[in-house]
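Protein chains: 2
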Amino acid sequence: MRKPLRYLLSALVAWWLLTPTAHAQEGAGAEIDYSVTFLYIVIVLVIAKLSSLVERIGQPAVLGELVAGVILGNLVLVGIPFFEPLRDDPYIRFLAQLGVVILLFQVGLESDVTEMRRVGIRALLVAVVGVALPFMFGTLLAGPLLLPGLSQNAYLFLGATLTATSVGITARVFHDLGKLQTSEAQIVLGAAVIDDVLGLVILAVVSAIVTVGSISPAEIGFIIVKATLFLAAAIVLGQIFAPRLGQFFSVIHTGTGMKFTLAISFGLLFAYLAAQIGLAPIVGAFAAGLVLDPVHFRFFNDPAIVEDLDRELKHAPTEWATQLRRIIERHANHHVQELIAPIGFLLVPIFFLLTGMDVHLEALLNPTVLAISLGITLIAFIGKIAAGMMAGNANKLIVGVGMIPRGEVGLIFAATGKALNVVNDEVFSIIVIVVILSTLVTPPLLAWLLKRVPNSAGSDHTAGF
Amino acid sequence: MRKPLRYLLSALVAWWLLTPTAHAQEGAGAEIDYSVTFLYIVIVLVIAKLSSLVERIGQPAVLGELVAGVILGNLVLVGIPFFEPLRDDPYIRFLAQLGVVILLFQVGLESDVTEMRRVGIRALLVAVVGVALPFMFGTLLAGPLLLPGLSQNAYLFLGATLTATSVGITARVFHDLGKLQTSEAQIVLGAAVIDDVLGLVILAVVSAIVTVGSISPAEIGFIIVKATLFLAAAIVLGQIFAPRLGQFFSVIHTGTGMKFTLAISFGLLFAYLAAQIGLAPIVGAFAAGLVLDPVHFRFFNDPAIVEDLDRELKHAPTEWATQLRRIIERHANHHVQELIAPIGFLLVPIFFLLTGMDVHLEALLNPTVLAISLGITLIAFIGKIAAGMMAGNANKLIVGVGMIPRGEVGLIFAATGKALNVVNDEVFSIIVIVVILSTLVTPPLLAWLLKRVPNSAGSDHTAGF
Numbered sequence: 008m009r010k011p012l013r014y015l016l017s018a019l020v021a022w023w024l025l026t027p028t029a030h031a032q033e034g035a036g037a038e039i040d041y042s043v044t045f046l047y048i049v050i051v052l053v054i055a056k057l058s059s060l061v062e063r064i065g066q067p068a069v070l071g072e073l074v075a076g077v078i079l080g081n082l083v084l085v086g087i088p089f090f091e092p093l094r095d096d097p098y099i100r101f102l103a104q105l106g107v108v109i110l111l112f113q114v115g116l117e118s119d120v121t122e123m124r125r126v127g128i129r130a131l132l133v134a135v136v137g138v139a140l141p142f143m144f145g146t147l148l149a150g151p152l153l154l155p156g157l158s159q160n161a162y163l164f165l166g167a168t169l170t171a172t173s174v175g176i177t178a179r180v181f182h183d184l185g186k187l188q189t190s191e192a193q194i195v196l197g198a199a200v201i202d203d204v205l206g207l208v209i210l211a212v213v214s215a216i217v218t219v220g221s222i223s224p225a226e227i228g229f230i231i232v233k234a235t236l237f238l239a240a241a242i243v244l245g246q247i248f249a250p251r252l253g254q255f256f257s258v259i260h261t262g263t264g265m266k267f268t269l270a271i272s273f274g275l276l277f278a279y280l281a282a283q284i285g286l287a288p289i290v291g292a293f294a295a296g297l298v299l300d301p302v303h304f305r306f307f308n309d310p311a312i313v314e315d316l317d318r319e320l321k322h323a324p325t326e327w328a329t330q331l332r333r334i335i336e337r338h339a340n341h342h343v344q345e346l347i348a349p350i351g352f353l354l355v356p357i358f359f360l361l362t363g364m365d366v367h368l369e370a371l372l373n374p375t376v377l378a379i380s381l382g383i384t385l386i387a388f389i390g391k392i393a394a395g396m397m398a399g400n401a402n403k404l405i406v407g408v409g410m411i412p413r414g415e416v417g418l419i420f421a422a423t424g425k426a427l428n429v430v431n432d433e434v435f436s437i438i439v440i441v442v443i444l445s446t447l448v449t450p451p452l453l454a455w456l457l458k459r460v461p462n463s464a465g466s467d468h469t470a471g472f
Numbered sequence: 008m009r010k011p012l013r014y015l016l017s018a019l020v021a022w023w024l025l026t027p028t029a030h031a032q033e034g035a036g037a038e039i040d041y042s043v044t045f046l047y048i049v050i051v052l053v054i055a056k057l058s059s060l061v062e063r064i065g066q067p068a069v070l071g072e073l074v075a076g077v078i079l080g081n082l083v084l085v086g087i088p089f090f091e092p093l094r095d096d097p098y099i100r101f102l103a104q105l106g107v108v109i110l111l112f113q114v115g116l117e118s119d120v121t122e123m124r125r126v127g128i129r130a131l132l133v134a135v136v137g138v139a140l141p142f143m144f145g146t147l148l149a150g151p152l153l154l155p156g157l158s159q160n161a162y163l164f165l166g167a168t169l170t171a172t173s174v175g176i177t178a179r180v181f182h183d184l185g186k187l188q189t190s191e192a193q194i195v196l197g198a199a200v201i202d203d204v205l206g207l208v209i210l211a212v213v214s215a216i217v218t219v220g221s222i223s224p225a226e227i228g229f230i231i232v233k234a235t236l237f238l239a240a241a242i243v244l245g246q247i248f249a250p251r252l253g254q255f256f257s258v259i260h261t262g263t264g265m266k267f268t269l270a271i272s273f274g275l276l277f278a279y280l281a282a283q284i285g286l287a288p289i290v291g292a293f294a295a296g297l298v299l300d301p302v303h304f305r306f307f308n309d310p311a312i313v314e315d316l317d318r319e320l321k322h323a324p325t326e327w328a329t330q331l332r333r334i335i336e337r338h339a340n341h342h343v344q345e346l347i348a349p350i351g352f353l354l355v356p357i358f359f360l361l362t363g364m365d366v367h368l369e370a371l372l373n374p375t376v377l378a379i380s381l382g383i384t385l386i387a388f389i390g391k392i393a394a395g396m397m398a399g400n401a402n403k404l405i406v407g408v409g410m411i412p413r414g415e416v417g418l419i420f421a422a423t424g425k426a427l428n429v430v431n432d433e434v435f436s437i438i439v440i441v442v443i444l445s446t447l448v449t450p451p452l453l454a455w456l457l458k459r460v461p462n463s464a465g466s467d468h469t470a471g472f
């Protein structure tokens, strides 16, 4: 870095040039003006890339994005409301949700259905214990002890909130450190998907108890059957139809665009179907990625590179030509992951920065609330780390810590409880703090654990999302 | 295509499975549910890819997308309202606008600033004549003759609408046919950008005459100076700062993600700045693409491919190794275009399908309106084709036809006139029909002209957007 000061000065000048116009613009034309949203995307992307400097101190990039988001989101506390409209921009919020769907689709693409099946039983055990323990701890222990005097329904919701596992953050850490192929990562991913199904059941049951007063075993059974059937059908039918669809569309066009369109359509369609069933869209996107296999795309390739190859090989000796062809064709046939990567580059940082921005630090300023929150966080941690003990011969601590983040799933539970008038503002703040702590503590803790363990295969760390 | 019937049947079953759920879902969760938008994206992408079958009959893919959009958007006329919510989805509309910005950024990346400068004078002449003639024809001839009895202000708006050139459609046709590097394409692109500046001036002047009654020459001068300064500054400062920014950010990270982020941030920032000045965002995005040069990204490369190369070369003889390295490094250093391409694959079809869907065919059913529209369309065509005569030694007819599409720019003019109560519903319908005709006729006409002309350089037709 030559002359870093000059660059800093240039950056400050650029900042000053941008600032006054950012607000002047809204509601300019007769048509809807999306150009501020374009600026917000630029701000998010540039800050996310600057925050990736945390990699220099051995931390995963996602921690940088979360912390940068927390800082941006709370600058209003020191009198800088500049970033508030960014957080509230409806299109930015949409892009963030599309981003987390793309992320889980990418994670699914990098995961292996055979490996998933291999760790299936262990993932199921981890998921069941990881839901049961926090739910019991929350409902029977933490609620009555730390928050005496609230209704039984409030305790039920507190317990339900503690069951959710937010797979996005853990998946990013495993990916950032190139450990997605390890047994630990696969167990956590599998368990998190099962968690979502169980969490859905619990949320439905608890909501029914609160609103109707009871729920029949038949209704519980129906929810479970519906969710299980969706996942089974997605994986079985996906494996049958994905190759045929690839073949069918390759008749129309064999270019990179068609390959990309098929892959992304698969991911978004499954996300939509999961939402129809009542599951989180990210679960569907993950299942779609799991089902898609590079081999389904063998009908597509990049004509530009193949042409280049043919030009180069015109005068080459035969044995030479063979090796050249082999190497170039390997890269000519773009991996689906490579085609999806730019979409991830654009959208995934928006999700994590916005997740950070939604953290309201002022809740941490009330000592009682903070103390209760720390107690419940501890219980939340213990429940999931105990669940990790079911991980068989994998590293149990890594699996347990990987299950800790509650993230947006926990917040959805809390918001539902608030909408039902069961969760009051205090309990809501506490849940938010628990979510914050579980979200911010996991990346560095998991990174530290993963680096201590030499057992996993060589790092395939690429450029990151 | 083996057993095409079986695939058709499978597609129909899939369709049937999807249809009933598409409407049942809205407003399901407590949080905003974006999953229907995910389905809409899938529908748009799959239909766009199916519509690319028009390439089999020698038409550019964009025509297929526009026609597919017109069909989807007017299915409601035959009692199928299934696609109405797609057209009205705010996130889909946002993605479409982001898509056209990305498209013009891509077109700018493929254009060359030196070539632009070479054709600069001719582009300016084409633009000025292409604005002056249609404006005079519309205001003095077509208005009073074909629509007698309207106010002078209505004629002014009609004339203003006829000046706009919608560069998106023409750029797609030139790109689809691999002719973006020709002089004709560069003249049309340059003229369209200048057109947008002139159109902005005319819109501001006409609006001021209608609302205030007059506008001072100083105000007109200010608008012209502002817009010209922006474009000059974008191109000059961009060429100075782009390489330095690349160098600065390469200090943080040299991966593909950083390269992508820098490029897309540049494009979106310029789009935002153009909107601040009052220009269309697409003009800024085009200028950003024009300024960015692959050489600014020489600090970034893809470690995966370079590692692969080193592994392969371990046992290779020296002269062999040299050529291998040269070929692979060419592809290792992903072109910026390649990284932006997937964003285009995702978003650009949304723009063109939605443009098609906004065409309301019922307006064509009124014979008087249709006859007047055809007359005005003819005048609109003549004005632009006459402008093409200024194109010097390039193919004048191709340039003229390339300037014909009015597209969304014309619609913005018409909408402004309607908002100011100057343009009534009848005139608005007529303007919409003129826009439809200029939009739908240009792609096949231009494709036919381009194929008749043997003079342009070899086709670099790749997989299309």
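Protein chains in written order, with this note's numbering: chain V, 8 to 472; chain U, 8 to 472.
We put the CB at the ideal spot given by N, CA and C, even for glycine.
Computed from a predicted model, the values in this text were never measured in an experiment.
Considering only the alpha carbon of each residue, which of the options lies closest to residue i?
i                      : options                       : result
residue 74 of chain V  : V/460, V/444 and V/457        : V/444
residue 348 of chain V : V/98, V/109, V/77 and V/51    : V/109
residue 353 of chain V : U/236, U/271 and U/71         : U/271
residue 179 of chain V : V/111, V/138 and V/46         : V/111
residue 56 of chain V  : U/149, U/117, U/258 and U/251 : U/258
residue 163 of chain U : U/451, U/143, U/181 and U/448 : U/143
residue 194 of chain V : V/61, V/427, V/97 and V/408   : V/408
residue 277 of chain U : U/256, U/242, U/455 and U/263 : U/242
Do the CB positions of residue i and residue j come within less than 9 Å of each other?
i                      : j                      : result
residue 191 of chain V : residue 401 of chain V : yes
residue 80 of chain U  : residue 90 of chain U  : yes
residue 273 of chain U : residue 245 of chain U : yes
residue 172 of chain V : residue 145 of chain V : no
residue 160 of chain U : residue 439 of chain U : no
residue 141 of chain V : residue 391 of chain V : yes
residue 44 of chain V  : residue 267 of chain U : no
residue 149 of chain U : residue 382 of chain U : yes
residue 40 of chain U  : residue 282 of chain V : yes
residue 410 of chain U : residue 198 of chain U : yes
residue 248 of chain U : residue 284 of chain U : no
residue 138 of chain U : residue 393 of chain U : no
Taking buried to mean at least 16 other C-beta atoms within 10 Å of its own C-beta, is residue i buried or exposed?
i                      : result
residue 368 of chain U : exposed
residue 34 of chain V  : At residue 34 of chain V the pLDDT is 32, less than 50, meaning the model places this residue with poor confidence; the figure from the coordinates comes in the next sentence. It counts as exposed.
residue 375 of chain U : exposed
residue 378 of chain V : exposed
residue 413 of chain U : buried
residue 458 of chain V : exposed
residue 96 of chain U  : buried
residue 103 of chain U : buried
By the criterion of Cβ-Cβ separation under 9 Å, what are the contact partners of residue i in chain V?
i                      : result
residue 188 of chain U : What residue 188 of chain U touches in chain V: nothing, since even the nearest Cβ is about 15 Å away.
List, in chain order, every chain U residue whose beta-carbon is nearer than 7 Å to that of residue i.
i                      : result
residue 104 of chain V : 41
residue 272 of chain V : 49, 52 and 53
residue 168 of chain V : Those do not exist, as residue 168 of chain V stays about 14 Å from chain U at its closest Cβ, beyond 7 Å.
Chain V partners of residue i, CB-CB under 7 Å?
i                      : result
residue 288 of chain U : 42 and 45
residue 391 of chain U : Within 7 Å Cβ-Cβ: nothing; residue 391 of chain U doesn't reach chain V, min ~24 Å.
residue 267 of chain U : 349 and 352
residue 162 of chain U : None at all; the shortest Cβ gap to chain V is about 20 Å.
Can you find a heavy atom of the ligand NAP that lies under 8 Å from the Cβ of residue i?
i                      : result
residue 352 of chain U : Among the ligands in the structure shown, none appear at all, so the ligand NAP cannot be discussed.
Kindly list, in the order they appear in chain U, the residues whose Cβ is closer than 8 Å to that of residue i.
i                      : result
residue 350 of chain V : 349, 350 and 353
Problem - Residues within the region 251-265 of chain U neighbouring chain V, beta-carbon criterion of under 8 Å - result: Along the region 251-265 of chain U, the positions whose C-beta sits under 8 Å from a C-beta of chain V are 251, 255, 256, 258, 259, 260, 262, 263, 264 and 265, read in chain order.
Practice task
Give the residues from the region 87-98 of chain V that approach chain U closer than 9 Å (Cβ to any Cβ), ordered along the chain.
Solution key: Against chain U - using a Cβ distance shorter than 9 Å - the residues of the region 87-98 of chain V are 97 and 98.
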